[in-house]
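Accompanying notes for the structure given below.
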Amino acid sequence: MRPEPRLIAVRKNVLKQNDVVARSLRDRFRAAGVFVVSLVSSPGSGKTAFLEKTLTLLRPNYRVAALVGDLATENDARRLARSEAPVKQITTGTLCHLEAVMVQSALEGWDLNELDFLFIENVGNLVCPSSYDLGEDLRLVLISVTEGEDKPLKYPTIFNSADVAVVTKIDLAAAVEFSWDTAYNNIQAVRPGMPVLKLSAKTGEGVAEYLRFLAARLIELRQAAAV
Amino acid sequence: MSIVELAEEEAERRGVQIDAVHLKLGALSGVVKDALLSCYEMACENTPLQGSRLVVEEVPVVIFCPSCRAQRPLSSIQLFCCPECGTPCSEIVHGKELEVVALEIQECAPNPV
Numbered sequence: 294m295r296p297e298p299r300l301i302a303v304r305k306n307v308l309k310q311n312d313v314v315a316r317s318l319r320d321r322f323r324a325a326g327v328f329v330v331s332l333v334s335s336p337g338s339g340k341t342a343f344l345e346k347t348l349t350l351l352r353p354n355y356r357v358a359a360l361v362g363d364l365a366t367e368n369d370a371r372r373l374a375r376s377e378a379p380v381k382q383i384t385t386g387t388l389c390h391l392e393a394v395m396v397q398s399a400l401e402g403w404d405l406n407e408l409d410f411l412f413i414e415n416v417g418n419l420v421c422p423s424s425y426d427l428g429e430d431l432r433l434v435l436i437s438v439t440e441g442e443d444k445p446l447k448y449p450t451i452f453n454s455a456d457v458a459v460v461t462k463i464d465l466a467a468a469v470e471f472s473w474d475t476a477y478n479n480i481q482a483v484r485p486g487m488p489v490l491k492l493s494a495k496t497g498e499g500v501a502e503y504l505r506f507l508a509a510r511l512i513e514l515r516q517a518a519a520v
Numbered sequence: 063m064s065i066v067e068l069a070e071e072e073a074e075r076r077g078v079q080i081d082a083v084h085l086k087l088g089a090l091s092g093v094v095k096d097a098l099l100s101c102y103e104m105a106c107e108n109t110p111l112q113g114s115r116l117v118v119e120e121v122p123v124v125i126f127c128p129s130c131r132a133q134r135p136l137s138s139i140q141l142f143c144c145p146e147c148g149t150p151c152s153e154i155v156h157g158k159e160l161e162v163v164a165l166e167i168q169e170c171a172p173n174p175v
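Residue numbers (this note's numbering), protein chains in the order written: chain A, 294 to 520; chain B, 63 to 175.
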């Protein structure tokens, strides 16, 4: 009696569990009419400053809230709380990215119907977050001028998982000899057709255009839901 | 971890012993083959999959070129352009896979009568 190896076909997505939760989150977001934006970038690209500016400027006209992922500290939530928008910290421990189930539990106790925009700030990392759907409507990938123009070429996967690229800290562009054309071309090389915004959360340059972009997307979402 | 759990579940459901797990891994999956292989052994420890192999089939990125109206393999994930005509292509056909495609099992041949 000799054991014979045999292959059985399975075809199962390894991250199916995350995808299932992400799908149910997306359904909940859709039903509540809240537009969900997630932010991914490397550490130090200015996600929190960008988000603080976003929350502060949107708050007079929209109902906004944010979830922020971080490995160990609650510093980001404290900073964002200055905008007076509801903010909850997700402390991931040693995990380098957010997963849909973390978003799901962080949302407990929040009424999504009371929101127009929900922002989810991922852990600063350009690798792992690309594999995890969080149920968001729009994924922004941030790249600051101080990081250099070749970030898209080094991390094509995350750029391919995102919808819009935002170049931040443009007030420092001249000091670091940042080439907008090179950065733009690199983004287009790894993700043809990707919209690219540029702004400075510090000086406010380019922020109005970005807010108009978000407002337009919220209107689109609500109109699609009304049809 | 999910891979081991998934395979374990299948093994239990079918009542078989697993020798190897066959995985398709896309170049855009965000997962690196070597890292996966080195974790696999650890993840299998003290599970029914201990001692099993992970067989990884790497899947290159294939895009759909709207000009050629055809699927084309990408020569580099740094340049999403058709390798034939140079048109920028954003429609990804393959390359995001991260899936268990097959399980290699040991089956005992029936006893000769």
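From the three backbone atoms N, C-alpha and C, an ideal C-beta is built for every residue, glycine too.
Determine the direct distance from the alpha carbon of residue j to that of residue i, and round the result to whole angstroms.
| i | j | result |
| --- | --- | --- |
| Leu-111(B) | Ala-97(B) | 18 Å |
| Ile-65(B) | Val-307(A) | 6 Å |
| Ala-302(A) | Asp-464(A) | 55 Å |
| Leu-344(A) | Val-333(A) | 11 Å |
| Met-487(A) | Pro-128(B) | 17 Å |
| Pro-135(B) | Gly-148(B) | 12 Å |
| Phe-412(A) | Cys-144(B) | 35 Å |
| Leu-391(A) | Val-327(A) | 20 Å |
| Leu-160(B) | Ala-509(A) | 34 Å |
| Ile-167(B) | Asn-108(B) | 19 Å |
| Pro-422(A) | Asn-415(A) | 7 Å |
| Lys-258(B) | Ser-317(A) | The structure shown does not extend to residue 258(B), since chain B spans only 63 to 175, so no value can be given for it. |
| Thr-341(A) | Arg-372(A) | 8 Å |
| Val-434(A) | Pro-445(A) | 10 Å |
| Leu-427(A) | Thr-475(A) | 30 Å |
| Arg-432(A) | Leu-514(A) | 15 Å |
| Glu-377(A) | Cys-389(A) | 27 Å |
| Leu-90(B) | Pro-122(B) | 8 Å |
Taking the alpha-carbon of residue i as reference, which of the options has the nearest alpha-carbon?
| i | options | result |
| --- | --- | --- |
| Ile-451(A) | Thr-461(A), Ala-501(A), Asp-464(A) and Ile-436(A) | Ile-436(A) |
| Thr-384(A) | Gly-362(A), Val-469(A) and Gly-486(A) | Gly-362(A) |
| Leu-405(A) | Asp-320(A), Ala-455(A) and Asn-368(A) | Asp-320(A) |
| Glu-470(A) | Ile-480(A), Glu-440(A) and Leu-490(A) | Glu-440(A) |
| Val-124(B) | Glu-67(B), Glu-103(B), Val-83(B) and Ser-152(B) | Ser-152(B) |
| Phe-506(A) | Leu-351(A), Val-420(A), Ala-325(A) and Ser-338(A) | Leu-351(A) |
| Val-394(A) | Trp-473(A), Leu-490(A), Gly-337(A) and Asn-311(A) | Asn-311(A) |
| Glu-120(B) | Ser-100(B), Phe-126(B), His-84(B) and Ile-154(B) | His-84(B) |
| Arg-131(B) | Glu-146(B), Leu-141(B), Pro-122(B) and Val-117(B) | Glu-146(B) |
| Lys-346(A) | Leu-514(A), Ser-493(A), Gln-516(A) and Ile-512(A) | Ser-493(A) |
| Phe-126(B) | Glu-70(B), Phe-142(B), Ala-164(B) and Cys-101(B) | Phe-142(B) |
| Ala-399(A) | Val-420(A), Asn-418(A), Glu-377(A) and Ala-358(A) | Ala-358(A) |
| Val-313(A) | Leu-348(A), Val-457(A), Gln-397(A) and Pro-336(A) | Gln-397(A) |
| Asn-418(A) | Ala-324(A), Glu-401(A) and Ser-335(A) | Ser-335(A) |
What does the Cβ neighbour count give for residue i, buried or exposed, with the cut at 16 atoms within 10 Å?
| i | result |
| --- | --- |
| Gly-92(B) | buried |
| Asp-430(A) | buried |
| Gly-157(B) | buried |
| Glu-407(A) | exposed |
| Arg-484(A) | buried |
| Thr-387(A) | exposed |
| Thr-366(A) | exposed |
| Val-155(B) | exposed |
| Asn-354(A) | exposed |
| Gln-481(A) | buried |
| Asn-368(A) | exposed |
| Gln-382(A) | buried |
| Asp-409(A) | buried |
| Val-175(B) | Any reading at Val-175(B) must be qualified, since the residue scores a pLDDT of 48, below 50, and its modelled position is unreliable; the value itself is stated next. So Val-175(B) ends up on the exposed side. |
| Ile-80(B) | buried |
| Leu-348(A) | buried |
Specify, as a first and last residue, the run of the beta strand (DSSP E) that residue i falls within.
| i | result |
| --- | --- |
| Glu-120(B) | 115-121 |
| Phe-506(A) | It is not in any beta strand (DSSP E) - Phe-506(A) instead sits in the alpha helix (DSSP H) that spans 500-519. |
| Arg-372(A) | Segment 368-374 is the alpha helix (DSSP H) holding Arg-372(A); no beta strand (DSSP E) there. |
| Asp-177(B) | Any question about residue 177(B) goes unanswered here, given that chain B covers just 63 to 175. |
| Leu-446(A) | Leu-446(A) -> not in any beta strand (DSSP E); alpha helix (DSSP H) instead, spanning 444-447. |
| Val-211(B) | Because chain B is modelled from 63 through 175, residue 211(B) falls outside the range shown and cannot be assessed. |
| Gln-79(B) | 79-88 |
| Thr-461(A) | 457-461 |
| Val-469(A) | First-last for Val-469(A): undefined, no H or E at that position. |
| Ile-436(A) | 431-437 |
| Leu-490(A) | 489-491 |
| Val-154(B) | For clarity, residue 154(B) is Ile in the given sequence; the question names Val instead. From DSSP, the beta strand (DSSP E) with Ile-154(B) extends over 154-156. |
For residue i, verify whether its CB is less than 7 Å away from any heavy atom of the ligand MN.
| i | result |
| --- | --- |
| Lys-381(A) | Within the structure as shown, the ligand MN is missing, as the structure has no ligands at all. |
Specify, as a first and last residue, the run of the alpha helix (DSSP H) that residue i falls within.
| i | result |
| --- | --- |
| Gln-481(A) | 473-483 |
| Arg-131(B) | First-last for Arg-131(B): undefined, no H or E at that position. |
Quick one: complete alpha helix (DSSP H) runs, 4+ long, within the segment 339-364 of chain A?
340-351
Could I get the ranges of all uninterrupted beta strand (DSSP E) runs contained in the segment 376-423 of chain A, with 3 residues as the minimum, in chain order?
380-384 and 410-414
Within the segment 302-341 of chain A, note down every full beta strand (DSSP E) run reaching 3 residues or more, in order along the chain.
328-333
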